[in-house]
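Participant:
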DNA sequence: CGTGGCCCCTGATTGC
DNA sequence: TGCAATCAGGGGCCAC
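Residue numbers (the numbering used here): 6 to 293.
1) So, at 6 angstroms on beta carbons, what are the nonlocal neighbours of residue 1 in its own chain, with the 5 sequence-adjacent residues on each side left out?
2) Does the count of Cβ pairs from the segment 134–148 and the segment 64–75 closer than 8 angstroms reach three?
3) Which residues in the same chain as residue 12 place their Cβ atom closer than 7 angstroms to its Cβ, once the five residues preceding and following it in sequence are excluded?
4) What are the complete beta strand (DSSP E) segments, minimum 3 residues, inside the segment 149–205?
5) Short of 7 angstroms in beta carbon distance, which residues of its chain neighbour residue 192, apart from the five on each side in sequence? Order them along the chain.
6) Hey, how far is the Cα of residue 236 from the Cα of residue 10?
7) Taking the DSSP output, what are the residues bridged to residue 123?
8) Does the segment 39–57 come into contact with the segment 116–132, if we say contact requires no fewer than three beta-carbon pairs (one atom in each stretch) closer than 8 angstroms?
9) Buried or exposed, going by whether 16 or more other CB atoms sit within 10 Å of the CB of residue 145?
10) State the beta-bridge partners of residue 82 as determined by DSSP.
11) Among residues of its own chain, excluding the 5 on either side of residue 173, which ones have a beta-carbon nearer than 6 angstroms to its beta-carbon?
12) Look at residue 107 and residue 61 and say whether their C-beta atoms are less than 8 angstroms apart.
13) Which value, in whole angstroms, describes the spacing of the CA atoms of residue 187 and residue 177?
14) Which of helix, strand or coil does DSSP assign to residue 36?
15) Using 8 angstroms as the Cβ pair cut-off and three pairs as the minimum, do the segment 207–226 and the segment 143–158 touch?
16) Looking at the unbroken alpha helix (DSSP H) that takes in residue 18, where does it start and where does it end?
17) Assuming residue 92 and residue 123 are in contact, meaning their beta carbons sit under 8 angstroms apart, how far apart are those beta carbons, in whole angstroms?
18) Quick check: what's the CA-CA separation for residue 46 versus residue 164?
19) Going by DSSP in three states, residue 238 sits in which element: helix, strand or coil?
20) Is it true that the CB of residue 169 sits closer than 8 angstroms to the CB of residue 197?
21) To the nearest angstrom, how far is the alpha carbon of residue 269 from that of residue 280?
22) Drop a sphere of 10 angstroms on the beta-carbon of residue 71, count the other beta-carbons inside from all chains shown, and report buried for 16 or more, exposed for fewer.
23) Leaving out five residues before and five after residue 180 in sequence, what residues of the same chain have Cβ atoms less than 7 angstroms from its Cβ?
24) Taking the alpha carbon of residue 89 as the reference point, which residue from 95, 81 and 96 has its own alpha carbon closest?
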């Protein structure tokens, strides 16, 4: 369950170990891993063979590597359980290995996309030719994330406060703000003392600002220690787990005492997922 | 366009 | 013991 800080760690790993290398060949071992590549697995591999991978980029939880001179980029999303591993070529094959990239150099390592649940995937997509970072066109509707220096606080806060939907759903809306997942949404709401179903258009300016600041502080703290990790499903580009879960205040803490008021944290079903919150600190005001 | 519900997938865990 | 239900959840898609 990689959140934005984990994806950023992966981006840095790609930048360090993969960018600048030239692809020799690509093997797609599970077609679903490239389902977003409309032309199919063979075309995916053909478009990458012989190409040099550019500097690693990220927007929200999407990652991409420009393919210089082609007007395209290699786009990736880790989904729920995706991993990008740089492994020695002779390392044993992972159970859920989906795509394998071999390189033309003699470094002795290869790039592997491993993904148990196959919610993630890779694709070669057309990119904005005028953009030196070659952002895939399909990401045009994805908002910047709150750690991005070009994130527009004022515009986000105004848009948030126009939504009638629950504030948590708004936080997970990629067209408003990207990179906030279920875990950090719950953490940001806990820090802001807001109930997840609070209609976004009932937030005061101060509450909305506090929520954004809280999302930022949660992400910053996670990034500082290499991301949240709960189990072996999340591993960074070199196979090293992050470690932040011990500092979570709400997520996954059902029945444990709230770190502010000691009231047991509650778990509620929400959108086929879970929301964790303190029933005392995070109350839903009476509808007005 | 905003909203809300559903679906994709595999494996671990829980309950009967 | 075995089988079914539940849970994990990012995000695209669709009907309204």
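Quick reminder that beta carbons are idealized off the backbone N, C-alpha and C, glycines included.
Facilitator: Reading off the structure:
1) Nothing can be reported for residue 1: it is not among the residues displayed for the chain, which extend from 6 to 293.
2) yes
3) Closer than 7 angstroms at Cβ, skipping near neighbours: 63, 66, 68 and 83.
4) none
5) 223, 253, 254, 255 and 256
6) Residue confidence is low: residue 236 scores 41 on pLDDT, short of 50, so the model does not pin down where it sits. No coordinate-derived value is stated.
7) Beta-bridge pairing links residue 123 to no other residue.
8) yes
9) Answer is exposed; the Cβ neighbour count stays below 16.
10) In the DSSP output, where bridge partners are listed per residue, residue 82 has 67 and 126.
11) 190 and 201
12) no
13) 7 angstroms
14) helix
15) With a cut-off of 8 angstroms on Cβ pairs, the segment 207–226 is in contact with the segment 143–158, counting three or more such pairs.
16) 9–22
17) The pair is not a contact, with the Cβ atoms about 20 angstroms apart (cut-off 8 angstroms).
18) 39 angstroms
19) With a pLDDT of 45 at residue 238, under the threshold of 50, the modelled position of that residue is not reliable, and no figure is offered here.
20) no
21) 14 angstroms
22) buried
23) 146 and 148
24) 81
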